[in-house]
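This report concerns only the one structure given below.
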Amino acid sequence: MLEKKFEDILYNSTENETIEFKAAQNNFKIHTFGKYFSALSNEANLNGKEVAWLVFGVNDPKTYRGTDKFIVGTQFKKESEAMNKMKQELKEEMSNNLSFTEVTEKVIKGKRVIFFGIPAALKGLPTTYQGRAYGRTGESIDTLSTYEMKKIYNQTSEDWSKMIVEDATIEDLSKEAIKMAREKYKVKNSSLADEVDDWDDVTFLNKAKITLKSKITNTAIILLGNPESTSLLNNAQINVSWILKDQDNIEIDYEHFSAPMLINIDKIYNKIRNLNYRYIADDSIFPTETKKYDSYVLRESLNNAIAHQDYTLNGKINLVEYPNKVVISNVGEFLPESIEYVINSDTPSEIYRNQFLADAMVSLNMIDTIGSGIKKMMNIQMKRTFPLPTYDITDKGALNPKVQVTIFGEIIDENYTKLLVQNSDLSLRDVMLLDKVQKNVRIDKRDADNLRKQKLIEGRYPNIIIASHVANLTGKKNEYLKDAGLNNDYYKAMIVTMLEKYPKSTKQEIFSLLEDKLPNVLDKQQKMKKVDNLLQSLSRSGKIKSTGRGSGSGWIKQ
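Per full-length UniProt numbering, residue 1 is the first one in the sequence shown, and the count goes up by one each step.
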């Protein structure tokens with residue numbers, strides 16, 4: 001007998017935000033499954049349900065209930081091993097490691113029906129699949145709307161940066177910082193420049209949205225507070241550490257900075273050794289000379305860390321300077337779905353942890369319009385033909401969430417740089433993919449195929465490299481050959497020559513001969529497999545043959 005909850009789903013429900021019926025008679029793509037999981041999970045949260053349901057083996061009740069075509073049955077993952085593998089693969093791609101509340105199979109009218117119970121998104125954390133949050137738009141699946149995403153995020157707590165510091169007064173703010181804030185506000189709001197000079201400090205701070213009804217906020221202490229005023233904050237610290245390390249990761253120097261951040265941002269920036277850097281950007285014999293780091297990219301990254309920091313976690317912001325890169329990190333989850341989502345979005349993000357602080361920083365010209373800074377940084381680095389900033393973001397729901405950005409101060413791969421010089425019309429998305437290729441980060445097969453069509457990469461997926469014609473232009477032929485390898489005929493000739501000199505050689509001896517000449521993008525196991533293929537090819541062509549067995553086996557020339 002069918003339990004009441006399944007009976008209600010099947011016979012008393014229609015498709016809605018939290019229930020979806022699919023025939024799925026033979027198969028159902030896991031990528032589509034992931035989107036439905038995310039959408040149903042988020043809709044369950046928004047509709048106050050603990051569980052949403054995805055039902056396989058059933059046609060749309062609105063059209064087919066009461067007919068022979070309603071219950072059609074499904075062959076989806078009929079073997080338990082296949083079902084368990086699917087559940088594990090899906091879990092690995094879902095945020096917060098969410099998985100099904102239950103997966104129940106029932107035989108109804110002789111046909112197999114599967115009920116997938118999907119948990120509601122955690123409070124304050126939208127459920128994402130492969131970094132993107134989905135929702136329902138009518139009967140279709142689409143990206144979760146900004147309004148709905150913000151509604152979920154706002155379930156957690158109020159804006160910490162907007163809270164009043166009860167014991168603080170305007171005397172706890174730096175007069176020098178207030179003076180600087182006025183000048184920056186006038187730059188950002190040039191139409192009000194004359195009026196600003198007539199405002200007293202209290203009026204100005206209210207107008208600039210730094211204080212709230214003349215009361216000192218956490219934002220005011222962060223941006224304008226005297227150093228000692230930070231002790232008035234409850235279980236939060238305002239601390240940015242600049243740390244200088246050498247190429248062996250050994251600490252050479254450091255300095256800590258606190259409030260007022262409006263002033264100290266410049267002091268931190270001036271600590272960074274932004275030296276001149278020379279590199280060959282094209283086929284010219286004259287090097288290009290530029291600064292290692294773009295000023296906007298450094299400042300925007302640091303200011304973003306201050307704006308995004310989760311001050312309730314009582315952590316600090318770190319800026320670690322290495323000889324060839326700067327790494328900036330702050331504690332707290334990255335609230336948008338992903339970096340790609342921010343880049344591809346046509347409108348600024350409406351979701352900010354510290355909305356009050358972010359608004360104040362925008363009004364003081366410290367950060368760009370909320371959400372647009374990351375895209376601008378990417379474009380600047382692309383135009384400089386430098387590596388793009390690399391973001392390392394912990395999973396949502398992680399115990400110690402952190403956002404880290406690495407800004408490179410030198411060229412990683414000259415092939416990439418010269419490709420950008422020669423192809424100035426490349427889209428930012430393609431450059432982001434090429435940037436991953438040069439950093440040996442695996443990209444999606446479909447993206448690799450698209451780059452290959454444009455003749456920008458080569459090599460067998462996933463061991464892809466920048467295309468050889470680019471390497472030839474760069475003058476890095478030796479390095480390219482190490483990555484791409486030599487012609488198979490060359491390897492075969494080496495094997496035959498070896499067997500002429502040493503009439504019987506083992507496979508391990510042949511491998512030792514070829515190992516350092518095989519493509520660098522192959523691991524040891526893949527190189528061994530390639531040697532096997534070369535030997536079998538030579539054997540089939542009658543040039544060599546195997547002899548002996550076990551430990552006495554080897555290869556000889558025919």
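Ideal Cβ placement from N, Cα and C applies to all residues, glycine included.
Start and end residues, beta strand (DSSP E) containing residue i
i: Phe115; result: Lys111 to Pro119
i: Glu105; result: Glu102 to Ile108
i: Phe257; result: Glu251 to Phe257
i: Glu321; result: Ile317 to Glu321
i: Val431; result: Where Val431 is concerned, there is no enclosing beta strand (DSSP E), although the alpha helix (DSSP H) it sits in stretches over Leu428 to Gln438.
i: Ser329; result: Lys325 to Val331
Given residue i as reference, the closest of the options once Cα atoms are compared
i: Leu40; options: Leu298, Ala220 and Thr137; result: Thr137
i: Thr506; options: Leu535, Leu518, Asn487 and Asn520; result: Leu535
i: Leu522; options: Ala281, Tyr11 and Arg460; result: Arg460
i: Lys184; options: Thr146, Ala44, Leu46 and Met361; result: Met361
i: Lys376; options: Gly48, Lys91, Gly124 and Tyr296; result: Tyr296
i: Leu510; options: Thr219, Ser80 and Lys557; result: Residue 510 is actually Ile in this sequence, not Leu. Cα-wise, what sits closest to Ile510 is Lys557.
i: Asn304; options: Leu233, Gly373, Asp532 and Lys445; result: Gly373
i: Leu190; options: Gln247, Ser363, Asn440 and Ser345; result: Contrary to the premise, residue 190 reads as Ser rather than Leu in this sequence. Ranking Gln247, Ser363, Asn440 and Ser345 by Cα distance to Ser190 puts Ser363 first.
i: Val326; options: Thr312, Tyr391 and Leu313; result: Tyr391
i: Ile380; options: Ala448, Lys316 and Ser301; result: Ser301
i: Ser537; options: Glu93, Asn450, Asp489 and Trp199; result: Asp489
i: Glu89; options: Thr203, Ile30 and Lys529; result: Ile30
i: Gln508; options: Pro519, Lys530 and Asp159; result: Lys530
i: Ile407; options: Met528, Asn274 and Lys213; result: Asn274
i: residue 561; options: Val187, Gln404, Trp199 and Gly409; result: No information on residue 561 is available, as it lies outside the stretch 1 to 558 that the chain covers here.
i: Asn324; options: Ile339, Tyr293 and His308; result: Tyr293
Helix, strand or coil at residue i according to DSSP, with G and I counted as helix
i: Tyr502; result: coil
i: Val531; result: helix
i: Lys207; result: helix
i: Ala23; result: coil
i: Tyr293; result: coil
i: Met163; result: coil
i: Ala281; result: coil
i: Arg299; result: helix
i: Ala133; result: strand
i: Thr169; result: coil
i: Thr127; result: coil
i: Phe6; result: helix
i: Leu244; result: strand
i: Leu364; result: coil
i: Ser551; result: helix
i: Ile411; result: coil
i: Lys175; result: helix
i: Ser140; result: strand
i: Phe76; result: coil
i: Gly225; result: strand
i: Asp266; result: helix
i: Ile380; result: helix
Nonlocal neighbours in the same chain, by C-beta distance under 6 Å from residue i, ignoring five residues either side
i: Thr394; result: Pro401 and Lys402
i: Arg278; result: Pro287 and Glu289
i: Glu17; result: Glu43, Asn47 and Arg136
i: Ser553; result: none
i: Gly475; result: Model confidence at Gly475 stands at a pLDDT of 43, short of 50, so the residue's coordinates are unreliable; what they give is reported in the following sentence. So no residue of the chain qualifies.
i: Asp359; result: Lys209
Bounding residues of the alpha helix (DSSP H) (the contiguous stretch that carries residue i)
i: Asn463; result: From DSSP, Asn463 is part of no alpha helix (DSSP H); its letter is neither H nor E.
i: Thr217; result: Segment: none, Thr217 is in no alpha helix (DSSP H) and carries neither H nor E.
i: Gln508; result: Lys507 to Leu514
i: Lys62; result: Pro61 to Tyr64
i: Leu40; result: Ile30 to Leu46
Own chain, CB closer than 7 Å to residue i, minus 5 neighbours either side, in chain order
i: Leu224; result: Leu173, Ser174, Ala177, Ile178, Ala181, Ile210, Pro260 and Leu262
i: Asn27; result: Phe76
i: Lys111; result: Gly57, Ile71, Val72 and Gly73
i: Tyr36; result: Glu20, Leu54 and Ile141
i: Asp167; result: Leu232
i: Asp253; result: Leu244
i: Asn129; result: Strictly speaking, residue 129 in this sequence is Tyr, with Asn absent from that position. So the list reads Gly34, Lys35, Phe37, Ser38, Glu93 and Met94, once near-sequence residues are dropped.
i: Pro462; result: Arg442
Close-in-space but distant-in-sequence residues of the same chain around residue i (CB under 8 Å, 5 per side omitted)
i: Ile15; result: The question names Ile, but residue 15 in the sequence shown is Glu. So the list reads Phe21, Asp60, Pro61, Lys62 and Glu139, once near-sequence residues are dropped.
i: Gln355; result: Asp159, Ser161 and Lys162
i: Arg549; result: none
Cβ pair count under 8 Å reaching 3, the stretch 52 to 66 against the stretch 102 to 119: yes
Decide if the stretch 158 to 177 is in contact with the stretch 53 to 72; the criterion is three or more beta carbon pairs, one per stretch, under 8 Å apart. no
Between the stretch 333 to 340 and the stretch 184 to 196, do at least 3 Cβ pairs fall closer than 8 Å? no
Take every Cβ of the stretch 438 to 457, pair it with every Cβ of the stretch 488 to 499, and state whether three or more of those distances are shorter than 8 Å. no
State whether the stretch 254 to 272 contacts the stretch 217 to 229, with contact taken as three or more CB pairs (one from each stretch) at a distance under 8 Å. yes
Three or more C-beta pairs closer than 8 Å, one from the stretch 236 to 246 and one from the stretch 319 to 330: is that the case here? yes
Pair every Cβ in the stretch 377 to 390 with every Cβ in the stretch 266 to 276, then say whether three or more of these pairs are closer than 8 Å. no
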